[in-house]
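Just so we're aligned: the sequence shown equals residues 1389 to 1801 in my numbering.
From the three backbone atoms N, C-alpha and C, an ideal C-beta is built for every residue, glycine too.
Values in this document were obtained by computation on a predicted structure and should not be read as measured data.
Structure, as structure tokens:
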Amino acid sequence: MNDYRAVYDILSEIYKQRAFASIALSRKIESADNRDFVTRFVYGVLARDVELNWYIGALTSKKPQNSVLILLKMGMYCVEYMDSVPDYAAVNTIVELAKKVGKSASSGFVNGVLKSFCRARPALPEDRTAALSVTASVPLWIVKAYVKQYGFDKTREFLTVAPEEREHMRVDVTRTTMERVKSELDALGAEYAPDPALDDCLFVRNSPKLKKLLDSGICTFQSRCSVLCCNAAGVTDGCKILDMCAAPGGKSVCLASRAKDVSVTACDIYHHRLELIAAYARRMRRDIDVRLMDATEYNAAMASQYDIVLCDVPCSNLGVAAKKPDVYLFREPSSIDALAEEQYKILCNGAKYVRVGGEVIYSTCTLLKEENCDVVKRFMRDHRGYTFIDSCQYLPDGSGTDGFFVAKLRRDS
Ligand SMILES: C[S@@+](CC[C@H](N)C(=O)[O-])C[C@H]1O[C@@H](n2cnc3c(N)ncnc32)[C@H](O)[C@@H]1O
């Protein structure tokens, strides 16, 4: 019961106070007996939120209040996804939990709805896009936007494919060799495989025994798309690079390792996040100039100063939903317009900081064209003196890539 109570408390913080899942978990996980169970339970409910809401809507005549909603979601998640817990035990545990969290008056209702759910699952919507929204557990407005952009079949493919579960590891081959890291992994009994597209990367099954190797700073976990984005920058010896939105520093550190005598200035708007960049750079033995900066504000001192400017802009994160299931929770269509405006401002400023002949990389971890090619198109329409070189929209297609967008522009005058 203690762990169910911990899950309820954590979900309450997330649903009622809009706390980030990772932060709510780290605050409350201490009180759990089985941390792994609690973490999987919390992330599981969040990942199936749209689906659970659909079931609740179909089995109740009016929307239950928040606490009851959380209890029902927990119960339905246990029944549907936790094979180790018999249905009757799950229902009893949630009914008892309702009493413990001050919802005794609703315990009969919770019992009734969960028992109906155990007897038969409500039918899916008839419309195939609405049905996909439920089965993939992605909000309908997002599924509709994907279908419009990618077509139904492609959307269904990337929303239902099993994500790559192994971590993606980049080896700093300027400080070691792939052979040395592979033999260290062998010695640790770690499971790994080469990345078919990236010579200095591996897919590795994560485990606590990798800690010492990672701490040594000769290799790091860095997502496949993050490495591909840095490679698109085409860093050469002596390059001067500005990373406008840099925390926690994954791309800054990678860019710094891509050639000799590279200087990287890494900025972020949040002071506490600058420390993440500094700590990561220390671990990876890279010298990086870390600065507090609001990338939406123009800074004349930076004009035409850099060979490469990376605008890895804040975005809706929809392309990494498999790793962060809470990205959908409070996302509204109107927030996409606000993000696109901020992204455009950052790109406009970044484009001014690059020298003539230098390149701007614009990237996001999202799949929506409004934050991706539309922002780049708007920039190209409004600005002379830049050439669009190329762009790539990666899909979370099970190959280890996230939903990620990279575009490359050159400043000509
Ligand atoms: C996509 S993340 C960057 C990830 C990073 N490039 C990496 O590879 O590790 C976006 C970052 O932009 C920062 N940010 C948000 N608004 C900003 C702004 N107006 N100016 C500068 N940084 C901003 C956020 O704090 C966040 O760290």
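Proximal residues to residue i (C-beta, below 6 Å), its chain only, five neighbours per side dropped
i, result
"Ala1666", "Val1678"
"Phe1805", "Nothing about residue 1805 can be reported from this structure: the residues present for the chain run from 1389 to 1801 only."
"Ser1419", "Ala1394"
"Ser1810", "The question about residue 1810 has no answer here: the residues shown for the chain are numbered 1389 through 1801."
"Asp1695", "Cys1627, Lys1628, Gly1746"
"Ala1795", "Tyr1750, Val1764, Ser1779"
"Val1646", "Note that residue 1646 corresponds to Arg in the displayed sequence, not to Val. Val1623, listed in sequence order."
"Val1473", "Cys1466"
"Phe1792", "Cys1613, Gly1707, Cys1753, Tyr1782"
Pick from the options that is closest to residue i, judged by C-alpha positions
i, options, result
"Ala1739", "Ile1530, Ala1728, Arg1670, Asp1770", "Asp1770"
"Glu1484", "Met1462, Phe1505, Tyr1469", "Met1462"
"Leu1601", "Ser1614, Leu1573, Lys1628", "Leu1573"
"Ala1585", "Glu1545, Met1632, Arg1612", "Arg1612"
"Gly1500", "Gly1539, Ile1530, Leu1459", "Leu1459"
"Phe1540", "Arg1558, Ala1518, Val1559", "Ala1518"
"Val1559", "Lys1491, Asp1649, Val1549, Cys1642", "Cys1642"
"Arg1671", "Gly1638, Ser1525, Val1701", "Gly1638"
"Ile1530", "Val1697, Phe1776, Thr1754", "Thr1754"
"Ser1410", "Asp1471, Arg1544, Lys1712", "Lys1712"
"Leu1797", "Gly1786, Leu1735, Gly1791", "Leu1735"
"Met1566", "Asp1391, Ser1692, Cys1607, Phe1792", "Cys1607"
"Arg1766", "Lys1733, Asn1390, Gly1786", "Lys1733"
"Asp1714", "Ser1525, Ala1477, Leu1457", "Ser1525"
Where residue i falls, given that 16 or more other Cβ within 10 Å makes a residue buried
i, result
"Glu1439", "buried"
"Arg1799", "buried"
"Phe1408", "exposed"
"Glu1553", "exposed"
"Thr1789", "buried"
"Ala1493", "exposed"
"Glu1685", "exposed"
"Leu1680", "exposed"
"Pro1721", "exposed"
"Ala1412", "buried"
"Pro1596", "exposed"
"Val1701", "buried"
Same chain, Cβ closer than 8 Å to residue i, neighbours up to 5 away in sequence not counted
i, result
"Tyr1469", "Gly1432, Arg1436"
"Pro1803", "Since the first residue of the chain shown is 1389 and the last is 1801, residue 1803 is not available in this structure."
"Gln1445", "Reading off the sequence, residue 1445 comes out as Gly, not Gln. If we look at Gly1445 and ignore the five residues flanking it on each side, its Cβ neighbours are Lys1451."
"Lys1487", "Ser1495"
"Pro1510", "Trp1442, Tyr1443, Ala1446, Leu1447"
Residues near residue i in its chain [Cβ-Cβ closer than 7 Å; skip 5 each side]
i, result
"Val1489", "Tyr1396, Ser1455"
"Cys1506", "Val1467, Asp1475, Val1479"
"Pro1582", "Leu1590"
"Val1561", "Asp1588"
"Ala1710", "Pro1551, Pro1784"
"Glu1759", "Cys1703, Ser1704, Ile1724, Leu1727, Ala1728, Gln1731, Thr1752"
"Lys1757", "Gln1537"
Closer than 8 Å to chain D by CB, residue i
i, result
"Ala1634", "Considering every chain present, this structure includes no chain D. It has just one protein chain."
- Query: With contact counted as at least three CB pairs below 8 Å, one residue from each stretch, are the segment 1566-1578 and the segment 1623-1637 in contact?
  - Reply: no
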